[in-house]
Amino acid sequence: MKRRNFIQSSVTAGAGLLILPGYMQSIKGANDRLNIALIGAHGRASQLYHHINTENIVAICDVHADKMSLAAAEFPGAKRYTDWRKCLEQKDIDAVFICTPDHHHAFINIWAMNRGLHVFCEKPLADSVEEAREVRKTYLANRNKLATQHGTQRHAHENFARVSELVRNGAIGELKVVQAWGSRTHNEKGYRPSEGPPPPTIDWEQWIGPVRMHPYNSGYFSAERPGSNCLNWNMFLDFGAWQIGDMGAHTMDLAWQAIDADLPITIEATGDSWNPEVAPSDHHATFTFPATNWRGEITLEWFQGTLKPEIPHSALDITRIGHGVMFRGTKGTLIADFTSRILIPDREGADMTYYNAPDKNMVAPEFGNFWAQWINACKGDPMKTTCNFDYAGRMIETLYLGLAAHQSGKKLHYDSSEGRVTNDPIANDFLRKEYRSGWVLNG
Ligand SMILES: NC(=O)c1ccc[n+]([C@@H]2O[C@H](COP(=O)([O-])OP(=O)(O)OC[C@H]3O[C@@H](n4cnc5c(N)ncnc54)[C@H](O)[C@@H]3O)[C@@H](O)[C@H]2O)c1
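Going by the working numbering, the first residue of the sequence shown is number 269, and it counts up by one from there.
If you want it as C-alpha cells, here you go:
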C-alpha cells in the first residue's frame, strides 16, 4: 500500500483513536514542490539558493536583520523567523535546509526529524560525539520515511567513485593504512573579547543558542564573502571544532566512502597543547577500525595544520595538496584529492599484474547533482541519498573522538555500541558539551 493511502486508511480505521502528529505532512510526488524552511538563510545558504529554488521556500530563519533582508529579497513569500524553534512549528513545512553555524546543527537536525521533516544539513552534522550519536539514532528511527543529506557535496565528484573502486578492487593490494590531511591553520588563543552590547540588528541570544553565553564581538562576522564567515567562529570550541567540522568533513568523506568503516575501537591524538577555548590548529589523530568482509583491520589517520603523513616516494611533494588522502596497501599507494588521483605501485608490484581492473560497465555511473539527490529522495525513496545521517553520523563521531583523545592525551579504547571510553572515565566528559538551561538536544 502506498504511504499516502496507508495514512488515509489508518486515520479512518482508527477513528477517534489514532492521533497523527501535527507535523505529519502530505507525501510529495516527483512533480510536486517541497515546502522548505531555510534556517541560516544567508552566508553558505546563498551559494545554494539556485539548487533549492526549484522548490517552495516557505520559511526563512536568520538572526541577522541584514542577512534576513537579503534572503527575503530572494524568497519574498517566505515567513520570517529569528528562532528556529518557532520556525519548526510552521505546519506546512516538508523539509528543512540547515546552514547555520555548527553549534545549532545537531539540535535543528533532531528537532526537525522529531517533527517528521526531511533534512539537509551543512557539514558538520553535529558538534560533539554525543550530538553525532543522537542525530544518527534519531535518523535510524526514521530512515524509512525521512530523507537526509549531509553537506559534503564534493561526494558527487566522479573521483570519489573511482578512488573507492581502486581501493576495493585491489589496485594497491590489501588496504592497511589510510591517511587524510588538511592544511588550514589558525592563530586564535581564546574567545573574542567584549565589544559592548550587540547591535540591534543581531539577535545575539539566538546566535549563541544552546551553548554558554559569550560576549558579542564583530570579529565573529567579519567575512566579506558568503560561505567563508565560518572561519571567523569555527575554531572556538563552543561554536565548532575547526577543520574537523570544516574541510576535514569533506576530506575524510573521500576516505570514508572507500573504507567501509563503522566506528573506531581505539583512538589516540597529538598536536598543539590543549586549549579549552580553541580547537587545536595542529592535530594528528590515529584510529583503528575492525576488519570487514573485504579487508583486514586498518588504521585511519587525520593530519591537520602543519602536520602531514610521511611520503611514500621522494619524488612526491604532498604539501602541494591542501586537502588529500593517501591509501597505503600491500602493493602500492593511492593518493587523491577531491578531483584527481595518483596510483603508485610498489617496486615489486610495478607490473600491476595482480590487479584485475573492473569492466567499464561495472564502474559506478555519474552521481548527478548532490542537492537534487536529496530533493528527489524527499519526494521518492528516502533511502536514496549518499551522505545520509547514518553514514555521516559515524564519520563525524569518529572525527570528534580524535578531538576527545587529543584532550585526554591517552590512547582511548572505545565501546562504540555504548558510545563510552572504557579505559579513561574522565575522557567520557570530553564526548559531550554543556548547554544553557532551557536548551534540549532531543526536543
Ligand atoms: N559544504 C561546504 O562546502 C560549506 C561551505 C561553507 C560553509 N559551510 C557550512 O555552512 C555553515 C554556515 O557557514 P557560513 O560561513 O555561511 O556561516 P555564517 O556565520 O555566515 O552563518 C550563516 C547564516 O546563518 C545565520 N545564523 C547564525 N546563527 C543563526 C541561528 N541561530 N539561527 C538562524 N540563522 C543563524 C547567519 O546570520 C548567516 O546568515 C557552517 O556550518 C559551515 O561549516 C559549508
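Built from N, CA and C at the ideal position, the CB exists for glycine as well.
Beta-bridge partners of residue i, as assigned by DSSP
i: arginine 353; result: According to DSSP, arginine 353 bridges with nothing at all.
i: valine 593; result: Ala448, Ala604
i: phenylalanine 388; result: Phe365, Gln417
i: glutamine 572; result: Gly450, His551
i: aspartate 305; result: One detail in the question is off: residue 305 reads as alanine in this sequence, not aspartate. Answer by DSSP bridge pairing, in chain order: Ala327, Val364.
i: glycine 441; result: Ala439
i: glycine 297; result: In DSSP, glycine 297 forms no bridge with anything.
i: valine 546; result: Phe504
i: threonine 534; result: Thr556, His681
i: arginine 688; result: Asp683
i: isoleucine 470; result: His332
Collapsed DSSP secondary structure at residue i in the structure displayed
i: asparagine 656; result: coil
i: asparagine 485; result: coil
i: isoleucine 612; result: strand
i: aspartate 334; result: helix
i: threonine 556; result: strand
i: tyrosine 622; result: coil
i: isoleucine 320; result: helix
i: leucine 680; result: strand
i: arginine 348; result: strand
i: glycine 539; result: strand
i: arginine 563; result: coil
i: arginine 271; result: Note that arginine 271 scores 35 on pLDDT, short of 50, meaning its location in the model is unreliable and no value can be drawn from it.
i: arginine 588; result: helix
i: isoleucine 476; result: helix
i: arginine 430; result: helix
i: isoleucine 579; result: coil
i: serine 314; result: helix
i: leucine 393; result: coil
i: lysine 359; result: coil
i: tryptophan 707; result: coil
i: histidine 371; result: helix
Same chain only: Cβ atoms within 6 Å of residue i, ignoring 5 sequence neighbours per side
i: serine 333; result: Note on identity: in this sequence residue 333 is alanine, with serine being the wrong assignment. Within the same chain, alanine 333 has close Cβ partners Thr469.
i: histidine 371; result: Asp395, Val479, Phe507
i: tryptophan 379; result: Leu356, Gly711
i: valine 593; result: Ala448, Leu522, Ala523, Ala604
i: serine 314; result: Pro494
i: methionine 503; result: His454, Glu456, Trp510, Val546, Ala547
i: aspartate 351; result: Gln474
i: histidine 591; result: Gly450, Met515, Thr519
i: tyrosine 291; result: Because tyrosine 291 sits at a pLDDT of 44, beneath the cut-off of 50, its placement in the model cannot be relied upon, and the following sentence gives the value as read from the coordinates. Correct list, in chain order: Arg383, Gly384.
i: isoleucine 664; result: Pro392, Leu393, Ala394, Ala400
i: threonine 654; result: His423
i: tryptophan 472; result: Pro466, Tyr484
i: arginine 563; result: Leu443
Sequence-distant residues of the same chain with beta carbon closer than 7 Å to residue i, five excluded per side
i: lysine 576; result: Trp449, Ile586, Thr587
i: tyrosine 668; result: Ser396, Val397, Ala400, Ala509, Ile512
i: tyrosine 349; result: Ala327, Cys329, Cys355
CB of residue i within 8 Å of CB of residue j, strictly
i: leucine 539; j: glycine 441; result: For the record, residue 539 in the displayed sequence is glycine; it is not leucine. Their beta carbons are not under 8 Å apart, which means glycine 539 does not touch glycine 441 by this criterion.
i: arginine 480; j: aspartate 506; result: yes
i: isoleucine 566; j: lysine 444; result: yes
i: leucine 302; j: isoleucine 643; result: yes
i: threonine 360; j: leucine 385; result: It should be pointed out that residue 360 corresponds to aspartate in this sequence rather than to threonine. No, these two residues do not count as a Cβ contact at 8 Å.
i: phenylalanine 557; j: alanine 529; result: yes
i: histidine 373; j: tryptophan 542; result: no
i: alanine 327; j: lysine 296; result: no
i: lysine 391; j: alanine 517; result: yes
i: histidine 482; j: tyrosine 459; result: yes
i: glycine 670; j: phenylalanine 555; result: yes
i: leucine 602; j: leucine 434; result: yes
i: histidine 581; j: glutamate 569; result: no
i: valine 397; j: leucine 699; result: yes
i: glutamate 323; j: leucine 709; result: no
i: tyrosine 484; j: proline 465; result: yes
i: arginine 436; j: alanine 559; result: no
i: leucine 611; j: alanine 439; result: yes
Contact set for residue i: own chain, Cβ-Cβ below 8 Å, skip 5 residues either direction
i: asparagine 412; result: Pro650, Met651
i: tryptophan 639; result: Leu316, His319, Ile320, Phe388, Gln417, Gln421
i: alanine 695; result: Ala672, Ala673, Gln675, Ser676, Lys678, Leu680, Val689
Neighbour flag for residue i against chain D, beta carbons, 8 Å
i: glutamate 442; result: In summary, chain D is missing from the structure at hand, where a single protein chain is found.
Checklist entry - Counting pairs of beta carbons, one from the stretch 678-691 and one from the stretch 532-547, are three or more of them closer than 8 Å? => result yes
Next on the checklist: Taking contact to mean 3 or more Cβ pairs, one atom from each stretch, closer than 8 Å, check whether the stretch 613-626 and the stretch 634-649 are in contact.
Outcome noted: no
Next on the checklist: For the stretch 655-675 against the stretch 401-418, do three or more pairs of beta-carbon atoms, one drawn from each stretch, fall closer than 8 Å, so that the two count as touching?
Outcome noted: yes
Next on the checklist: Between the stretch 336-343 and the stretch 361-377, can you find at least three pairs of beta-carbon atoms closer than 8 Å?
Outcome noted: Output reads no: the stretch 336-343 does not touch the stretch 361-377.
Item to check | Three CB pairs or more closer than 8 Å across the stretch 543-551 and the stretch 425-434 | outcome: no
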